[in-house]
Amino acid sequence: MSKLTLLLLSSLLATSAIADTLPVQPWQNMGEYDGIVLPNDKIITGMVTATAFINEQGHIEQTEWQGEPQELVKLSQRTGLPAYVEPYQSCTYDETQTQQICTPSASQKEFRFFYTLPKHLRKEAFTKPVKIQSPPYPALAQEKGEEGTVIIGAFVPPTGSTFLYTIKSSGFRRLDKAAYSAVHASLPLHPATYKKQPVAIAYQIPIKFSLESEPSTDSTKAEKTIDSTQKTTKNTKKPKRKKAKNTKK
Numbered sequence: 002m003s004k005l006t007l008l009l010l011s012s013l014l015a016t017s018a019i020a021d022t023l024p025v026q027p028w029q030n031m032g033e034y035d036g037i038v039l040p041n042d043k044i045i046t047g048m049v050t051a052t053a054f055i056n057e058q059g060h061i062e063q064t065e066w067q068g069e070p071q072e073l074v075k076l077s078q079r080t081g082l083p084a085y086v087e088p089y090q091s092c093t094y095d096e097t098q099t100q101q102i103c104t105p106s107a108s109q110k111e112f113r114f115f116y117t118l119p120k121h122l123r124k125e126a127f128t129k130p131v132k133i134q135s136p137p138y139p140a141l142a143q144e145k146g147e148e149g150t151v152i153i154g155a156f157v158p159p160t161g162s163t164f165l166y167t168i169k170s171s172g173f174r175r176l177d178k179a180a181y182s183a184v185h186a187s188l189p190l191h192p193a194t195y196k197k198q199p200v201a202i203a204y205q206i207p208i209k210f211s212l213e214s215e216p217s218t219d220s221t222k223a224e225k226t227i228d229s230t231q232k233t234t235k236n237t238k239k240p241k242r243k244k245a246k247n248t249k250k
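This is how it looks when you write it as structure tokens:
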């Protein structure tokens with residue numbers, strides 16, 4: 002084994018060891034982008050993950066890129082990551098145990114890029130309907146009067162392994178958890194199909210919790226948002242039919 006190989010190997014091992022000890026910040030969504038269209042009508046879609054190692058000043062010192070195929074990784078690298086990331090705050094209590102003292106520290110953070118079928122081709126794609134069962138209203142949330150709408154994101158790559166995440170929180174942990182569990186229970190979701198080839202698709206699934214009605218869900222496709230919400234229907238009386246009068250000739 003050459004000295005260069007040993008040097009690279011030791012460097013990788015050192016980076017891995019450091020990564021295991023660094024605090025992890027919540028991952029960041031870098032957005033949804035159009036996939037790559039090749040001359041033969043083949044569409045390259047998928048997800049790319051960049052794991053960044055951030056210093057105390059909020060600057061990225063090193064990045065590890067993961068994703069397939071490599072064309073998407075290169076495209077993400079050209080798009081780039083933020084020049085500044087809010088540093089992780091490491092907090093401890095003072096001697097009196099009454100006041101927190103926080104200082105910025107090194108950390109790691111994931112950035113994800115989503116590549117789906119380009120918007121101008123989505124009318125030609127086939128997508129299976131998404132059916133999400135309305136979740137039960139958490140009992141404790143009802144007692145405390147908690148209401149709100151949760152929006153769950155679902156990214157389905159060509160392989161079909163769905164990645165779920167929260168786009169918008171209701172502001173209440175119990176409601177967020179119930180919404181996430183409802184979508185997770187409805188898996189698997191399926192990728193779109195374009196000219197007989199599977200392509201990635203992104204869904205936005207709003208779940209509304211209201212004390213005035215049952216929790217309702219909406220499914221949204223990658224190319225547009227469906228505005229029709231499943232609302233609870235009120236019992237309405239059917240109009241009485243008028244009896245036909247007997248007429249004598």
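Those letters in the sequence shown? Residues 2 to 250, by the working numbering. Don't be surprised by glycine CBs; every beta carbon is placed ideally from N, CA and C.
Practice prompt. Go through its chain and collect everything with a Cβ distance to residue 32's Cβ below 8 angstroms, but skip five positions before and after it.
Written response: 114 and 115
Discussion item. According to DSSP, is residue 77 part of a helix, a strand, or is it coil?
Written reply: helix
Discussion item. Taking the alpha helix (DSSP H) that residue 180 belongs to, which residues open and close that run?
Written reply: 174 to 186
Practice prompt. Inspect the beta-carbon positions of residue 159 and residue 89 and report whether they are closer than 9 angstroms.
Written response: Contact flag unset, no.
Worksheet item: Would residue 179 be called buried (16 or more neighbouring beta carbons within 10 Å of its own) or exposed?
Response: With 16 or more Cβ atoms within 10 Å of its Cβ, residue 179 is classed as buried.
Discussion item. Using C-beta distances below 6 angstroms, list every residue in its chain close to residue 139, excluding the 5 sequence neighbours before and after it, in chain order.
Written reply: The beta carbon of residue 139 sits closer than 6 angstroms to the beta carbons of 175 and 179 from its chain, once the five residues preceding and following it are set aside; these are given in chain order.
Worksheet item: Where residue 47 and residue 93 are concerned, what is the direct C-alpha to C-alpha distance, given to the nearest angstrom?
Response: 41 angstroms
Practice prompt. Using alpha carbons as the reference points, say which of 157, 44 and 82 lies closest to residue 51.
Written response: 82
Worksheet item: CB residue 110 to CB residue 29, shorter than 9 angstroms?
Response: Residue 29 sits close to residue 110, with the two beta carbons spaced by under 9 angstroms.
Discussion item. Strictly by DSSP, which residues pair up with residue 116?
Written reply: 34 and 47
Practice prompt. Indicate whether residue 201 and residue 156 have their beta-carbon atoms separated by less than 9 angstroms.
Written response: Going by C-beta atoms, residue 201 is nearer than 9 angstroms to residue 156.
Worksheet item: So residue 208 and residue 136 are in contact, right, with Cβ under 8 angstroms, and what is the actual spacing, rounded?
Response: 7 angstroms
Practice prompt. Could you check the C-alpha separation between residue 222 and residue 203 for me, to the nearest Å?
Written response: Any reading at residue 222 must be qualified, since the residue scores a pLDDT of 37, below 50, and its modelled position is unreliable; the value itself is stated next. For residue 222 and residue 203, the distance between alpha carbons rounds to 7 angstroms.
Discussion item. Looking only at its chain, what residues have a beta carbon closer than 7 angstroms to the beta carbon of residue 87, apart from the 5 residues adjacent to it on each side?
Written reply: Once the five neighbours on either side are set aside, the close Cβ partners of residue 87 are 59.
Worksheet entry | DSSP-derived helix/strand/coil call for residue 284 | Because residue 284 is not part of the residues shown, which for the chain are 2 to 250, the question remains open.
Worksheet item: Does DSSP put residue 165 in a helix, a strand or coil?
Response: strand
Discussion item. Let me check understanding here. Comparing Cα to Cα, which of 57, 169 and 170 lies closest to residue 104?
Written reply: Among 57, 169 and 170, the Cα nearest to that of residue 104 is on 57.
Discussion item. Let me confirm a value: residue 39 is counted as buried when at least 16 other C-beta atoms fall within 10 Å, else exposed. Which label applies?
Written reply: For residue 39, the number of other beta carbons within 10 angstroms of its own is below 16, and it is reported as exposed.
Discussion item. Classify residue 171: buried if its beta carbon has 16 or more other beta carbons within 10 angstroms, exposed otherwise.
Written reply: buried
Discussion item. Am I right that residue 36 and residue 117 are in contact with their C-beta atoms under 8 angstroms? What's the rounded C-beta distance?
Written reply: In this structure, residue 36 and residue 117 form a Cβ contact; the two beta carbons are roughly 6 angstroms apart against a cut-off of 8 angstroms.
Fill in: Alpha-carbon spacing of residue 44 relative to residue 184, whole angstroms
27 angstroms
Item to complete: If I'm right that residue 214 touches residue 133 with Cβ under 8 angstroms, what's the distance once you round it to whole angstroms?
Response: Wrong, their Cβ atoms sit about 16 angstroms apart, outside the cutoff.
Worksheet item: Are the beta-carbon atoms of residue 144 and residue 210 separated by less than 9 angstroms?
Response: no
Practice prompt. Have a look at 153, 112 and 173 and flag the residue whose alpha-carbon is nearest the alpha-carbon of residue 142.
Written response: 173
Item to complete: Report yes if the C-beta distance between residue 53 and residue 63 is below 9 angstroms; otherwise report no.
Response: yes
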